[in-house]
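So for the sequence shown, this note's numbering puts the first residue at 298; every next one is plus one. Here is the structure we will look at.
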Amino acid sequence: MTYSTDLQVRFRDIDAMGHVNNAVYATYLEQVRTDFFADVLSENLADVPTVLARLELSYERPITLGQSLTATVDVPRLGESSLPMEYEVLADGERAATGKSIQVFIDPDTGGSRPIPERVRKRIAEYEGLDL
């Protein structure tokens, strides 16, 4: 199931060319990821021991001030310690960008990777319709 959240283009997001600066798109993905953790997992992402190991963005069309934004995220599969996520950013209902990220669960004491906690794995699999 695709998770989505509505976003707002802020004046500060706009660059000298009159559209959303490329770096801001990473913030949009971060927001939908944060909301996914809160709503689907009942977790504050800041309290979950993960690191962003990879981020990939592809831009399809510019976003301008005043457009209505929605960001979506899906988890296509579960790794042992990694959580791959796929995104779309829609401006006025049209795809403006796509992205992929990988969150890695870490052991806070060692900083090394650790398996995704079973409760998190089960909840994501249930929400996304994934086999465990």
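By construction, the Cβ of each residue, glycine as well, lies at the ideal position given by its N, Cα and C atoms.
- Looking at the DSSP output, Y300 shares a beta bridge with V370.
- The Cβ atoms of T395 and T302 lie no closer than 9 Å to each other.
- DSSP places A350 within a strand segment (E or B) once states are collapsed to three.
- In the DSSP assignment, A422 falls within the alpha helix (DSSP H) that extends over 415-425.
- Boundaries of the alpha helix (DSSP H) around F334: 321-338.
- The residue from P346, Y424, A388 with its alpha-carbon nearest to that of R411 is P346.
- Taking every protein chain shown into account, the CB of V348 has fewer than 16 other CB atoms within 10 angstroms, so this residue is exposed.
- The continuous beta strand (DSSP E) containing I399 extends over residues 391-402.
- Within the model, the alpha-carbon separation for Q364 versus A323 is close to 18 Å.
- In the three-state scheme derived from DSSP, where H, G and I count as helix and E and B as strand, A313 is classed as coil.
- Here S398 is buried: its Cβ has 16 or more other Cβ atoms, across all protein chains shown, within 10 Å.
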